[in-house]
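Undergrad: Numbering (my numbering), first residue to last: 1213 to 1438. Just so it is clear, CB atoms sit at the ideal spot from N, CA and C, and this is done for glycine as well.
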Ligand SMILES: C[S@@+](CC[C@H](N)C(=O)[O-])C[C@H]1O[C@@H](n2cnc3c(N)ncnc32)[C@H](O)[C@@H]1O
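#1: Answer with yes or no whether the minimum CB distance from residue 1420 to chain C is below 9 Å.
#2: Among 1395, 1335 and 1349, which one has its Cα closest to the Cα of residue 1341?
#3: Could you check where the beta strand (DSSP E) with residue 1367 kicks off and where it finishes?
#4: Just checking, does the stretch 1269–1280 make contact with the stretch 1308–1324 on the three C-beta pairs under 8 Å criterion?
#5: Contact between the stretch 1280–1298 and the stretch 1369–1389: three or more CB pairs below 8 Å?
#6: Identify every run of the beta strand (DSSP E) within the stretch 1334–1421, keeping only runs that are complete inside it and at least 3 residues long; order them along the chain.
#7: Using the Cα positions of residue 1294 and residue 1220, report the straight-line distance between them to the nearest angstrom.
#8: From 1423, 1322, 1319 and 1415, pick the residue whose C-alpha is nearest to that of residue 1276; which is it?
#9: Within 10 Å of its beta-carbon, does residue 1298 have 16 or more other beta-carbons around it, so buried, or fewer, so exposed?
#10: Take the Cβ of residue 1356 as the centre, count every other Cβ of all protein chains shown within 10 Å, and call the residue buried at 16 or more, exposed below.
#11: Just verifying my parser: in three-state terms, what is the DSSP assignment at residue 1306?
#12: Is any heavy atom in ligand 1 found nearer than 8 Å to the beta carbon of residue 1367?
#13: Flag residue 1230 as yes when its Cβ comes closer than 8 Å to any non-hydrogen atom of ligand 1, and as no otherwise.
#14: For residue 1431, which option in 1280, 1214, 1398 and 1327 has the closest C-alpha, if you only look at C-alpha atoms?
#15: Quick check: residue 1383 and residue 1330, are their CB atoms within less than 9 Å of each other?
#16: What are the complete alpha helix (DSSP H) segments, minimum 4 residues, inside the stretch 1246–1319?
#17: Helix, strand or coil, according to DSSP, for residue 1327 in the structure here?
#18: Pick out whichever of 1368, 1322 and 1304 has its Cα sitting closest to the Cα of residue 1338.
#19: Determine whether the beta carbon atoms of residue 1324 and residue 1353 lie at a separation below 9 Å.
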């Protein structure tokens, strides 16, 4: 493994905002923070918001600064990416943001029923030939349903027509409740928003910057699954 990656992995082990559980059956059944993130980690009773597939965690970090009375947890399998967000949070002493390195497939092993208030999916892989691997497929939504509070909201921000269209299809097919949807976030919705909401939508992730520089149009929707 590259030296830089090894250094990052070793640094992360010392940070109290970073969790890297093994994915063996015993850990998956006994993760100590499951149901206890607020009591044992954040030490408050604030709502919990997840960013799934967070990469370098720009959304988790950005949202945490807009909403000091919510707790944010970025989840991704790639440790070297999570390191970027976790390092910023450690250096700036942001206490309402944490990172969990795991496969999203196992998300219900790490959060209890009703523990999560909202989920953000930011520039998720569109998986053009493996629809079941899309983070808005029924396979994943069933897992989110196990941890989301009733009425909990899922946000999707994407450059991908394939992912956006298939998400809207899933919403219709499974009778989820679509709250908001636009095929062109910045030109259609932007003007009608209050400043805070606009600022939130303008948080730019690594992949958003990449896609926008190639001319992609950003889509957004928000929906409920229960
Ligand atoms: C295209 S990147 C987007 C990263 C970031 N949200 C951004 O906008 O810059 C997708 C991310 O999702 C993560 N990912 C995809 N499927 C995953 C899964 N099943 N479990 C955990 N992470 C996953 C990848 O590791 C990757 O970092």
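TA: Let me lay it out:
#1: The question asks about chain C, but that chain is absent: this structure has only one protein chain.
#2: Within the chain shown, numbered from 1, the residue matching residue 1341 stands at position 129. With distances taken between Cα atoms, residue 1341 lies closest to 1349.
#3: The count along the chain shown starts at 1 and reaches residue 1367 at position 155. Residue 1367 -> beta strand (DSSP E) spans 1360–1370.
#4: yes
#5: no
#6: 1360–1370 and 1389–1394
#7: Taking the first residue of the chain shown as 1, we reach residue 1294 at position 82. Taking the first residue of the chain shown as 1, we reach residue 1220 at position 8. Distance between the alpha carbons of residue 1294 and residue 1220 is about 10 Å.
#8: Position 64 of the chain shown, counted from the first residue, corresponds to residue 1276. Out of 1423, 1322, 1319 and 1415, 1415 has the C-alpha closest to the C-alpha of residue 1276.
#9: The sequence position of residue 1298 within the chain shown is 86, counting from 1. Buried: at least 16 other Cβ atoms inside 10 Å.
#10: For the purposes of this step, residue 1356 is taken as residue 144 along the chain shown, with counting starting at 1. Under this definition residue 1356 is a buried residue.
#11: Within the chain shown, numbered from 1, the residue matching residue 1306 stands at position 94. Residue 1306 falls in the coil class under three-state DSSP.
#12: By 1-based counting over the chain shown, the position of residue 1367 is 155. Because no heavy atom of ligand 1 lies under 8 Å away, the Cβ of residue 1367 does not count as near it: no.
#13: By one-based count along the chain shown, residue 1230 stands at place 18. Residue 1230: no, Cβ never under 8 Å from ligand 1.
#14: Numbered from 1 along the chain shown, position 219 holds the residue referred to as residue 1431. The option with the nearest alpha carbon to residue 1431 is 1398.
#15: Counted from its first residue, the chain shown places residue 1383 at position 171. Counted from its first residue, the chain shown places residue 1330 at position 118. Contact flag unset, no.
#16: 1270–1278 and 1291–1303
#17: Here residue 1327 corresponds to residue number 115 of the chain shown, with the count starting at 1. DSSP places residue 1327 in coil when its eight states are reduced to three.
#18: Here residue 1338 corresponds to residue number 126 of the chain shown, with the count starting at 1. When each option's Cα is compared against that of residue 1338, the closest is 1368.
#19: By 1-based counting over the chain shown, the position of residue 1324 is 112. By 1-based counting over the chain shown, the position of residue 1353 is 141. Taking 9 Å as the Cβ cut-off, residue 1324 and residue 1353 do not qualify as a contacting pair.
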